[in-house]
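Numbering (the numbering used here), first residue to last: 2 to 540.
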């Protein structure tokens, strides 16, 4: 609760009279979303035909604004990738002597990063609760358990996501520890790892995983192929529940038991998994698009605006009626908003600090484009004063608030609330903390390098319909169209919410770009130590 109090106090400070007319143009944002999500862009899939069309459009837009190219070939920064493609998969689940085939893309999402054929032969199954190991809190569900050559099955989320109280992992908010489950199983010699899908802690319905089952996996190509782990994936909830039941465990009771620090994993007697997954590996290349608006003082540092241009592309495994996942909202909207911010800066008086505008590739593959840039920046990260991430997730009309993702991390939040108030907007904490958005978008690659920033988006308290209307729009999109073929442009859209979000990002960024102070992190943030390593560069 300590994180939330300063922001909650600030939310009452919004200027009276309701939201102002945004600085940015909703109409121009809408026009660019329309273009970026057209079928001609083939869903903007990295390494697919749509990438060339997208890059050409973005190059021309930056050039028309007179921005300085900051890639290794014009505006384009090469991002080398490894790509794993699942060629075939079969899984057979035996429960109490009865065997059934699990259909990939229906009952299970499965992959492997071992090149060639990976095989399971009646491998025993072990349940490890949430699968999170946290010595600081005494959590180790592998305590006394031998999982070598076995299939590890874990719950979604971390121990306190549904506990109703903070057990040390951040309460309902997803913790970084929940992203280490696969590595913990791999470290202990497991043959396979599966998570049981659950919509609440996962923040998305089974549909999202099922329809992405055959999407290739990617990683940055740093010259060597990382150590491979075998079969991994996610089980549809009813499949996982049936496996636990055979092992004598009730699903709801098992979730409660696994919240305790002394929980120990158990073998699921009478449950085995067999099957094969065939995987190929090749190397591919994608690109970030990076431009700079030089500041008046080259020694003053810079600020960074980023958005990912990629979506899920055009795929043979989608139904023939529509094989293009256009990504109009995710992230055509963020890309278009960044272009409008760049246009506004280019038309305004020059700022003291330089401004970097970057459009990332492969965010949907694991923040890969942003992570590559973070290791190969156009301007030093040590003197990047702040970063802003445009990844709004849903199209909303005029709103009364902005939703801050990751509350209580930086003093910049007070500046954000102050600037938002001048535009008649209040800042509210993110509602769905279990979704773990702070760790799922490109700003996180820079936070890990110590660069402070704020990630926010249009809130749900709409002028037309209030919270109920905003929540309906969010829930509908999340349940039906997030990462799907129905994420398409709608001419009825009101892009005022995106313009409001972008206007606040522009105004706060302009203030920092003309300033002399260096924003930082709150002392308790782990990113503060990383930033401190480069303090000398900012003196």
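Note that beta-carbon positions come from the ideal geometry of N, C-alpha and C, so glycine has one too.
Just so you know, these numbers come straight off a predicted model, no measurement behind them.
Original post:
Under a Cβ-count criterion, where at least 16 other Cβ atoms within 10 Å of its own Cβ denotes burial, should residue 188 be classed as buried or exposed?
Top reply: Against the chain shown, residue 188 aligns to sequence position 187. So residue 188 ends up on the exposed side.
Original post:
With residue 288 and residue 78 assumed to form a contact (beta carbons below 8 angstroms), what rounded beta-carbon distance in angstroms separates them?
Top reply: Taking the first residue of the chain shown as position 1, residue 288 is located at position 287. Taking the first residue of the chain shown as position 1, residue 78 is located at position 77. With a Cβ gap of about 6 angstroms, residue 288 and residue 78 count as contacting.
**OP:** Identify every run of the alpha helix (DSSP H) within the region 468 to 529, keeping only runs that are complete inside it and at least 4 residues long; order them along the chain.
**Re:** 497 to 514
**OP:** Taking residue 372 as the reference, give the member of 323, 308 and 320 with the closest Cα.
**Re:** Your numbering for residue 372 matches position 371 in the chain shown. The candidate whose alpha carbon is nearest that of residue 372 is 308.
Subject >> Distance, residue 162 Cα to residue 14 Cα >> reply: In the chain shown, residue 14 corresponds to position 13, counting from 1. In the chain shown, residue 162 corresponds to position 161, counting from 1. Low confidence applies here, because residue 14 scores a pLDDT of 45, under 50, leaving its location unreliable and the question unanswered by this model.
Subject >> DSSP beta-bridge partners of residue 298 >> reply: In the chain shown, counting from the first residue as 1, residue 298 sits at position 297. Answer by DSSP bridge pairing: none, since residue 298 is not bridged.
Original post:
Secondary structure at residue 93, three-state DSSP: helix, strand or coil?
Top reply: Here residue 93 is taken as the residue at index 92 of the chain shown, counted from 1. Correct three-state label for residue 93: strand.
Original post:
With respect to the alpha helix (DSSP H) encompassing residue 34, which residues constitute its N-terminal and C-terminal limits?
Top reply: One-based indexing of the chain shown puts residue 34 at position 33. Its alpha helix (DSSP H) spans residues 27 to 37.
Original post:
Are the region 480 to 497 and the region 49 to 62 touching, with three or more C-beta to C-beta distances below 8 angstroms?
Top reply: no
Subject >> Terminal residues of the beta strand (DSSP E) in which residue 402 lies >> reply: Within the chain shown, the letter at position 401 stands for residue 402. Per DSSP, residue 402 belongs to the beta strand (DSSP E) from 402 to 406.
Original post:
Does the region 486 to 494 come close enough to the region 441 to 452 that 3 or more CB-CB pairs lie under 8 angstroms?
Top reply: no
Subject >> Same chain, Cβ closer than 8 angstroms to residue 542, five either side skipped, listed in chain order >> reply: Lying before the first or after the last residue shown, residue 542 is absent from the chain, which here runs from 2 to 540.
Original post:
According to the neighbour-count rule (16 or more other Cβ atoms, all chains shown, within 10 Å of its Cβ), is residue 65 buried or exposed?
Top reply: In the chain shown, counting from the first residue as 1, residue 65 sits at position 64. Exposed is the call here.
Original post:
What number of angstroms, rounded off, separates the C-alpha of residue 418 from the C-alpha of residue 407?
Top reply: Here residue 418 corresponds to residue number 417 of the chain shown, with the count starting at 1. Here residue 407 corresponds to residue number 406 of the chain shown, with the count starting at 1. C-alpha separation (whole angstroms): 14 angstroms.
Subject >> Through-space distance from residue 272 to residue 506, alpha-carbon basis >> reply: Along the chain shown, one-based indexing puts residue 506 at 505. Along the chain shown, one-based indexing puts residue 272 at 271. Cα-Cα distance, rounded: 53 angstroms.
Subject >> Same chain, Cβ closer than 7 angstroms to residue 56, five either side skipped, listed in chain order >> reply: Along the chain shown, one-based indexing puts residue 56 at 55. Hits under 7 angstroms: 77, 288 and 290.
Subject >> Per-residue burial, residue 375 [other beta carbons within 10 Å of its own, 16 or more giving buried] >> reply: The count along the chain shown starts at 1 and reaches residue 375 at position 374. So residue 375 counts as buried.
Subject >> Alpha carbon of residue 36 to alpha carbon of residue 143, nearest angstrom >> reply: The sequence position of residue 36 within the chain shown is 35, counting from 1. The sequence position of residue 143 within the chain shown is 142, counting from 1. If I take the Cα positions, the gap works out to 51 angstroms.
Subject >> Limits of the unbroken beta strand (DSSP E) element including residue 194 >> reply: Counting from 1 along the chain shown, the entry for residue 194 is found at position 193. Counting along the chain, the beta strand (DSSP E) containing residue 194 begins and ends at 193 to 197.
Original post:
In whole angstroms, what is the alpha-carbon distance linking residue 410 and residue 320?
Top reply: The residue you call residue 410 lines up with position 409 of the chain shown. The residue you call residue 320 lines up with position 319 of the chain shown. Roughly 43 angstroms between the two C-alpha positions.
Original post:
Between residue 412 and residue 457, what straight-line distance do the alpha-carbon atoms span, to the nearest angstrom?
Top reply: On the chain shown, residue 412 is found 411 positions in, with the first residue counted as 1. On the chain shown, residue 457 is found 456 positions in, with the first residue counted as 1. Taking the straight line from one Cα to the other gives about 15 angstroms.
Subject >> Alpha-carbon spacing of residue 534 relative to residue 523, whole angstroms >> reply: Translated into positions along the chain shown, residue 534 becomes position 533. Translated into positions along the chain shown, residue 523 becomes position 522. Their Cα atoms are separated by approximately 15 angstroms.
Original post:
Which of helix, strand or coil does DSSP assign to residue 361?
Top reply: Counting from 1 along the chain shown, the entry for residue 361 is found at position 360. Three-state result, residue 361: strand.
Original post:
What is the residue span of the beta strand (DSSP E) that residue 307 lies within?
Top reply: Position 306 of the chain shown holds residue 307. Taken as a continuous stretch (DSSP letters only), the beta strand (DSSP E) holding residue 307 covers 303 to 309.
**OP:** Report all residues from its chain with a CB closer than 6 angstroms to the CB of residue 302; omit the five preceding and five following residues, and keep chain order.
**Re:** Your numbering for residue 302 matches position 301 in the chain shown. For residue 302, where only same-chain residues beyond five positions count, the Cβ hits under 6 angstroms are 354, 384 and 386.
Original post:
Comparing alpha-carbon positions, which option in 426, 86, 158 and 398 lies nearest residue 435?
Top reply: By one-based count along the chain shown, residue 435 stands at place 434. For residue 435, the nearest C-alpha among the options comes from 158.
Subject >> Three-state secondary structure (DSSP) of residue 332 >> reply: Along the chain shown, one-based indexing puts residue 332 at 331. The answer is helix: DSSP assigns residue 332 an H, G or I state.
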